[in-house]
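Let me begin by presenting the structure, written as structure tokens, before commenting on it.
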Amino acid sequence: MAIIGSVPRRCVNLPPGSLMKLVGSVIGKKVQDGPAIEEFYRKMANWLGASRVFGAASGRSAFQLALEALGLEKGAEIIFPVFTFPVMPLVAKLLGYQPVFCDVDLQTYNSGPEHIESKITDKTGAVLATHLFGQPCPIEQIAELTRQRNIRLMEDCAHACGVRVNGQQVGTFGDIGIFSFAEGKNMPCFGGGAIATSDDQIAERAAAILKDAKMPTADAITKKAFSVWAKWFLTRPSVFGTTAYPALRLKLLLGQPLMDSAVGNELLEDFEKSNPQISPFSNLQAEIGLLQLDHIDSFNEGARRNAGILTGMLKDVPGIQAPDTVEGDHIYVYYPLTLDPAKRDDLRNYLLKNGFDSKTSDMSDCSELKPFQKTETSGDRQNPPKEASILEICVYPVIPQTEMRRLGNTIRTWAGLVTV
Ligand SMILES: Cc1ncc(COP(=O)(O)O)c(C=O)c1O
């Protein structure tokens, strides 16, 4: 059993100094409110090239804040890519809007104007353009389309914090950008999320909404922070090899599920039961955000380097589609391998036996999910992607390049090719 040299499905990315900030905030009683919040908003806005940033307790809470600050008429249609994180259209539905789904490109999993335009009606209020897995969608063209049709543009940048298109950060092309700082993303802040906007009215409304929102208790914020830190620790490749990895191997041996989180309808039911609401970003999260801003660009560059190694080794592997890099500044928050759904688990199990954990996708074909089945437009899609055909690989820079090469060769061997 490969105990040393095993690689987790996600390596939580906390910057150096995070534990000190956590302990310091608890001792100094600065977990909930404090000066780091405004400083982080200012510095993140400056880094993004937006006028204002406002934080929230998660990406989904940030989306709720975005929708309420945007103030579309109730009942308005909002266009989402059909293949996405399904909590986002559910947030819109719970707030009284009508999610409408458009196709995605099967190479990039992103939607462009050619998919969006036919879904625009006189009830359309907004589009949520999504940069899935860390690859930018054709956002300049989408922005042009929404401008021409006089509809609002929001960007889901949960997977794309730090992605630039022609030098401009995603999240700044439309009215509002939405970010997630969850532990599975590239810029975790012990959880959290944010919106970015350069529209004064939206900013004013967001500030007013947050003023009235209830901050979680210091205990709840601290508990969450320690749990994220523990996940950081357990996902260091050296620690993972002697803790979670043997547990996963045992599960594989016993034919048990491999610790996958709830997806699809189950995820949506859990979300609805959680009584979702807008909660503010805390001072402790902002302290981590400030550390992250100094670190995130080089982190993304490291992920890009590791992804490049893998993509180079998988070019000639039949039946496996590595992420398309044509659109430019991909940061590979997730590195999705696409393959025959009947073979996905076989590859996953083979990789695990060779020391590489991987992840099934949390993204879903939303029109198949219960809350959206009655939408008028759900039945006319042409090419729904299959979540069962995706295996997500972690390429974060904490993984040495030698391991990335061993991973590439393990996939090649599985496919019956010679190693390189
Ligand atoms: C594409 C996408 N958007 C939004 C979110 C919501 O982020 P959070 O988990 O911080 O609520 C996620 C979470 O996985 C996501 O994958």
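Following our numbering, the numbering of the sequence shown begins with -13 at its first residue and continues without gaps.
Each residue gets a CB set at the ideal place from its N, CA and C atoms; glycine is no exception.
For the alpha helix (DSSP H) that residue 257 lies in, which residues bound it at each end? Note, residue 257: alpha helix (DSSP H), 250 to 259.
Express the C-alpha separation of residue 344 and residue 4 in angstroms, rounding to a whole number. 26 Å
In three-state terms, what does DSSP make of residue 84? strand
Can the beta-carbon of residue 265 be found closer than 8 Å to that of residue 173? no
Taking residue 119 as the reference, which of 406, 41 and 349 has the closest Cα? Closest option to residue 119, Cα to Cα, is 349.
Residue 345 by DSSP, collapsed to three states: which one? In the three-state DSSP reduction, residue 345 falls in the strand class (E or B).
Closer than 7 Å to a non-hydrogen atom of ligand 1 - does that hold for the CB of residue 173? no
With a threshold of 8 Å, are at least 3 pairs of Cβ atoms found where one atom belongs to the stretch 119 to 135 and the other to the stretch 33 to 50? no
Should the stretch 79 to 94 be regarded as contacting the stretch 38 to 48, the criterion being three or more beta carbon pairs within less than 8 Å? no
Using the C-alpha atoms, what's the distance from residue 297 back to residue 77? Rounded to whole angstroms, the separation of the alpha carbons of residue 297 and residue 77 is 35 Å.
For residue 148, verify whether its CB is less than 7 Å away from any heavy atom of ligand 1. No, ligand 1 has no heavy atom inside 7 Å of this Cβ.
Hey, would you say residue 380 sits closer than 8 Å to residue 28, going by beta carbons? With respect to the 8 Å criterion, residue 380 and residue 28 are not classified as neighbours on the basis of their beta carbons.
What does DSSP give as the partner residue(s) for residue 67 in the beta ladder? 88
Pairwise C-alpha distance: residue 252 and residue 356: 10 Å
When burial is assigned at 16 or more other CB atoms within 10 Å of the CB, is residue 407 buried or exposed? Residue 407 cannot be examined here, being either before or after the span of the chain that is shown, -13 to 406.
If you draw a straight line from the alpha carbon of residue 325 to that of residue 92, how long is it in whole angstroms? 12 Å
Taking residue 207 and residue 181 to be in contact with their CB atoms under 8 Å, please state how far apart those CB atoms are, rounded to whole angstroms. So it is not a contact: roughly 20 Å between Cβ atoms.
Examine ligand 1 and report whether any of its heavy atoms sits within less than 7 Å of the Cβ of residue 71. yes
Just the C-alpha distance for residue 183 and residue 279, rounded to the nearest angstrom, thanks. 18 Å
In the DSSP assignment, what are the bridge partners of residue 114? 140, per the DSSP bridge assignment.
Buried or exposed: residue 57, going by 16 or more other Cβ atoms within 10 Å of its Cβ? exposed
Start and end residues, beta strand (DSSP E) containing residue 166: 162 to 166
Going by DSSP, name the residue or residues bridged to residue 192. Answer is none; residue 192 lacks a bridge partner.
For residue 26: DSSP bridge partner residues: Note: residue 26 sits in no beta bridge, so no partner.
Which residue comes first and which comes last in the alpha helix (DSSP H) that contains residue 270? Its alpha helix (DSSP H) spans residues 269 to 279.
Just the Cα atoms here: how many angstroms apart are residue 109 and residue 148? Cα-Cα distance, rounded: 33 Å.
Ligand 1 heavy atoms versus the CB of residue 108: any closer than 7 Å? no
Cα-Cα separation, residue 309 to residue 14: 45 Å
Cβ neighbour criterion (16 or more within 10 Å) applied to residue 152: The residue is exposed, with fewer than 16 neighbouring Cβ atoms inside 10 Å.
According to DSSP, which residues form a beta bridge with residue 409? Nothing in the structure corresponds to residue 409, since the chain is present only between -13 and 406.
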